[in-house]
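**Q** Below are the structure tokens for one structure; questions will follow.
Numbering (the UniProt record's numbering), first residue to last: 1 to 189.
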């Protein structure tokens, strides 16, 4: 049921006689966030563009790195790395590093060569597989293309037959009857 004021007018009616109180307008203004910017402030804000993608990228990277560092420090603090002498530092002292000599060095070189060979083999195998897949796709596309061309040529030939006319302008019934027969035989089988 609709509410009416003392005069008998609907409150929801937006006719000319019913006026909104000014407090409603001020409430609307407050709800929208005040008066907004002045024209001068708006023009100044529009003229100064601070958008620089390179700076934004640098800031993002800086904060990302800072996050990683803080997480690392928390983890280290949590596991008591600096206080516990049983855990060595991340990098051993330079004077304790011993150069690899003799057979061990040769073995490492052999491993590197073998890994390089195996990487080449993996790369070759992968490339062959990709080429095989590409050739299969090309064959499928070629077959589709041939089927499409064949069906188009058949439709074209059928259309030409159907459009043939006699001297007097009548359609040639021979081809139309043949077409109907083919349809009927196709539906039976």
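The beta-carbon is built from N, C-alpha and C at its ideal position, and this holds for glycine as well.
(1) Per DSSP, residue 109 forms a beta bridge with which residues?
(2) Touching or not, the stretch 154 to 164 and the stretch 172 to 180, by the rule of three or more beta carbon pairs under 8 Å?
(3) Going by DSSP in three states, residue 165 sits in which element: helix, strand or coil?
(4) DSSP puts residue 171 in a beta bridge; with which residues?
(5) Are the CB atoms of residue 35 and residue 27 within a distance shorter than 8 Å?
(6) If you reduce the DSSP assignment to three classes, tell me which class residue 128 lands in.
(7) Please classify residue 186: does DSSP put it in a helix, a strand, or coil?
(8) If I measure Cβ to Cβ from residue 37 and keep anything under 8 Å in the same chain, skipping five residues before and after, which residues do I get?
(9) Pull up the distance between the alpha-carbon of residue 75 and that of residue 39, whole angstroms please.
(10) Taking all protein chains shown into account, decide if residue 1 is buried (16 or more other Cβ within 10 angstroms of its Cβ) or exposed.
**A** With the given structure in hand:
(1) Answer is none; residue 109 lacks a bridge partner.
(2) yes
(3) strand
(4) 165
(5) no
(6) helix
(7) helix
(8) 45
(9) 52 Å
(10) Any reading at residue 1 is ruled out, since the residue's pLDDT is 49, under 50, leaving its predicted position unreliable.
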